[in-house]
Amino acid sequence: MLSFNASSFVDQKENITFIKTETALMYDAVFLFAKALHELDSSQSIDIKPLSCDAVNTWLHGYSLINYMKIVEISGLTGVIKFDNQGFRSNFMLDVVELTKEGLTKIGTWNSTEGVNFTKSYGEAYAQVVESLHNKTFVVTVILSSPYVMLKDSSEKLVGNDQFEGYGIDLIADIARILGFNYTVKLVPDGRYGSLNKQTGEWDGMMKELLDQRADLAIADLTITYDREQAVDFTMPFMNLGISILYRKPIKQPPNLFSFLSPLSLDVWIYMATAYLGVSVLLFILARFTPYEWQNPHPCNPNSDHLENQFSLVNCMWFAIGSLMQQGCDFLPKAVSTRMVAGMWWFFTLIMISSYTANLAAFLTVERMDSPIESAEDLAKQTKIKYGALRGGSTAAFFRDSNFTTYQRMWSFMESQRPSVFTASNVEGVERVTRGKGSYAFLMESTSIEYVIERNCDLTQVGGLLDSKGYGIAMPPNSPYRTAISGTVLKLQEEGRLHILKTKWWKEKRGGGSCRDDTSKSSSAANELGLANVGGVFVVLLGGMGVACVIAVCEFVWKSRKIAIDERVRRRCARRWHPSSSSPSSATARRDQFTRSPFGR
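UniProt numbering puts the sequence shown at residues 1 to 601.
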């Protein structure tokens with residue numbers, strides 16, 4: 001409120017303690033007119049004659065009097081009286097006053113050159129706003145959304161504020177207790193948070209209640225967005241969050257029969273087999289090439305021309321596989337070159353076996369999960385799993401207005417789906433994820449996802465946060481109580497009250513924390529290994545034994561066939577050589593050559 005300063009009049013008239021602005025302006029106008037008329041009379045002779053208001057004749061000195069009124073400058077009850085060329089008053093000062101319990105109080109001044117100048121400090125203004133909140137009753141509009149605002153479970157019929165409970169109800173109760181105001185909670189009629197109709201320019205939901213002055217505050221999981229901030233005022237965020245993906249938990253994979261092969265990839269196994277064969281062949285070649293691997297089989301005869309080499313190709317492969325299995329064999333290289341090959345192979349097997357052993361424990365004990373999606377990018381790349389969001393909410397607006405290619409593709413996909421993938425509420429979205437059994441994912445705020453997965457152990461949050469935003473308490477535009485309520489929210493945050501409320505309604509009330517026991521048990525104790533985990537080892541053992549039996553039979557058959565052939569050859573030779581043989585000793589030697597045991601030397 002603006003008013004003229006009439007202190008000069010009060011000083012002149014001690015018996016008058018106040019004066020109305022209209023009276024002071026009237027006094028100054030008459031005083032200015034008299035001053036101008038006196039100046040005009042001093043400069044020229046004034047003729048006075050009666051004039052009719054209905055006649056067209058004017059006073060001869062009228063324009064001169066107006067010009068003198070523009071020129072004259074006096075100090076009146078309302079300050080300095082001075083006019084510009086257009087006849088408008090200039091260079092005057094107004095008092096800025098405010099209505100308080102004690103009446104009108106001056107809080108600043110205003111003039112045409114410098115503008116407004118408030119003399120009241122921020123602390124005084126804040127204290128005055130807080131004081132004005134005492135015993136004031138606010139209408140708080142809410143929407144049913146767990147765990148922010150919920151209906152109480154009661155056998156009796158509840159009315160008024162008693163029928164609601166939740167995080168938002170406790171928060172507004174704490175704010176009201178600190179600031180000393182009363183409140184009445186009312187549900188929003190259309191059950192919507194508030195979105196802007198681009199065609200009509202009108203808001204719906206809780207936003208409309210605030211703009212139509214049917215509510216003073218709106219508290220819920222109401223996201224602070226740019227469009228909403230342009231329409232109403234928000235307090236500082238009482239909760240920070242972001243958009244994430246609600247999806248079913250990954251299905252536990254049945255143990256693989258050959259899970260003992262999992263610690264190493266297929267490429268590594270192939271490279272190991274190639275290295276094994278390569279080292280065996282190289283060791284065989286070097287052992288044949290170096291003279292230090294050729295040994296005399298008869299130490300008693302140092303002049304023997306017959307030398308043996310223990311590193312045949314089969315023995316080289318047996319040496320390499322024995323080293324790989326950490327078992328060794330009964331012969332070792334003697335030459336420097338072959339020992340160098342053996343040393344490098346042993347170093348290689350040391351690293352590979354140690355790495356395999358270290359990784360084997362994790363692959364056998366940790367349960368493997370099969371999840372088709374891990375992030376929003378995975379959702380955007382496929383079309384089998386449908387995904388949606390709350391219709392008309394800030395999450396849908398985020399994808400609609402995003403300039404990021406992945407989110408634009410996701411929004412186009414959501415809009416094109418029939419039936420619609422959008423839901424009327426978060427509860428409907430959670431139900432669709434549960435019923436879908438992996439065919440539907442729901443995009444919603446991370447705090448709501450935390451609440452859901454604390455109660456539904458079959459659901460989980462996939463990926464990280466897609467954005468960062470906050471929930472705030474909304475109020476009509478230019479509300480004088482915004483600063484006071486924001487300060488109270490900050491105070492509750494510093495005191496840890498907001499964290500206590502979140503723990504209460506997320507993890508304790510309404511079945512919260514039902515999935516924590518399963519998680520703690522699975523993480524604290526290692527899973528025992530069943531036959532399904534190590535069954536492949538038994539299969540390999542049985543398979544190797546079976547192959548060994550088959551090879552033994554083949555060896556027996558092959559050797560028997562060879563003995564039969566040698567026996568037939570011996571008999572033919574005996575019949576051919578016996579009649580004409582002149583040397584019995586040579587015949588006997590040949591007979592002994594063909595009758596040696598097949599398993600002899």
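Where is the CB? At the ideal position from N, CA and C, for every residue including glycine. The structure presented is a predicted model; accordingly, all values stated were derived computationally and were not measured.
Query: Beta-carbon separation of GLU229 and THR141 under 7 Å?; Result: no
Query: Could you tell me which residues DSSP puts in a beta bridge with TRP203?; Result: LEU196
Query: Rounding to the nearest angstrom, what Cα-Cα distance links MET317 and LYS252 in this structure?; Result: 41 Å
Query: The beta strand (DSSP E) that contains ILE81, what's its start and end?; Result: 79–81
Query: Is SER522 buried or exposed, if buried means 16 or more other CB atoms sit within 10 Å of its CB?; Result: The pLDDT assigned to SER522 is 46, lower than 50, so where the model puts this residue is not dependable, and the model offers no usable value.
Query: Alpha carbon to alpha carbon, what distance is there between TYR356 and GLY278?; Result: 21 Å
Query: Indicate the three-state DSSP secondary structure (helix, strand or coil) for ASP174 in the structure shown.; Result: helix
Query: Using three-state DSSP, classify GLY511 as helix, strand or coil.; Result: coil
Query: Distance, Cα to Cα, ASP267 vs PHE289?; Result: 32 Å
Query: Count the other CB atoms within 10 Å of the CB of MET26; is the residue buried (16 or more) or exposed (fewer)?; Result: exposed
Query: Three Cβ pairs or more, each shorter than 8 Å: is that satisfied between the segment 463–473 and the segment 269–284?; Result: no
Query: If we count the other Cβ atoms within 10 Å of its Cβ and call it buried at 16 or more, is LEU77 buried or exposed?; Result: buried
Query: Give me the DSSP bridge partner(s) of GLN310.; Result: Per DSSP, none; premise fails for GLN310.
Query: Where GLU293 and MET344 are concerned, what is the direct C-alpha to C-alpha distance, given to the nearest angstrom?; Result: 18 Å
Query: Just mark THR100 as buried or exposed, buried being the case when its beta carbon has 16 or more other beta carbons within 10 Å.; Result: exposed
Query: Note the first and the last residue of the continuous beta strand (DSSP E) segment covering PHE442.; Result: 440–445
Query: Could you tell me which of GLY168, SER486, PRO480, PRO476 sits nearest to ILE500, measuring between CA atoms?; Result: GLY168
Query: Is the Cβ-Cβ distance between ILE243 and THR405 less than 7 Å?; Result: no
Query: Would you mind listing the beta strand (DSSP E) stretches within the segment 92–121 that are 3+ residues and don't spill past its ends, in chain order?; Result: 93–100, 103–111, 115–118
Query: Measuring straight from C-alpha to C-alpha, what distance separates ILE74 and THR200?; Result: 55 Å
Query: When the Cα atoms are used, what is the spatial distance from GLU431 to ARG510?; Result: 17 Å
Query: Please determine, among ASN111, GLN86, ASP84, the residue with the shortest C-alpha to C-alpha distance to PHE92.; Result: ASN111
Query: Return helix, strand or coil for MET325, following the three-state DSSP convention.; Result: coil
Query: Kindly indicate which residue of LEU443, THR483, PHE234 has the alpha-carbon position closest to the one of GLY472.; Result: PHE234
Query: Can you pull the DSSP bridge partners for LEU217?; Result: VAL140
Query: Is the beta carbon of residue 614 sitting closer than 7 Å to the one on LYS504?; Result: Residue 614 lies beyond the range of the chain shown here (1 to 601); nothing can be said about it.
Query: Provide the residue(s) that pair with GLU165 in DSSP beta bridges, ordered along the chain.; Result: MET150
Query: Run through the DSSP bridge pairs and tell me what ASN240 is partnered with.; Result: GLY470
Query: Are the beta-carbon atoms of VAL185 and ILE143 separated by less than 7 Å?; Result: no
Query: Are ILE453 and THR460 close, meaning C-beta to C-beta below 7 Å?; Result: yes
Query: Determine the burial state of GLU445: buried for a count of at least 16 other Cβ atoms within 10 Å of its Cβ, exposed for fewer.; Result: buried
Query: Using only the alpha-carbon positions, how far apart do LYS82 and ASN57 sit?; Result: 29 Å
Query: I'd like to confirm the pairing. Which residues does DSSP put opposite THR423 in its beta bridges?; Result: LEU390
Query: Have a look at LEU498 and MET475 and give me their C-alpha separation to the nearest angstrom.; Result: 20 Å
Query: Is there contact here, the segment 474–493 with the segment 415–425, by at least three beta-carbon pairs under 8 Å?; Result: no
Query: Could you spell out the range, first to last residue, of the beta strand (DSSP E) harbouring SER75?; Result: 74–76
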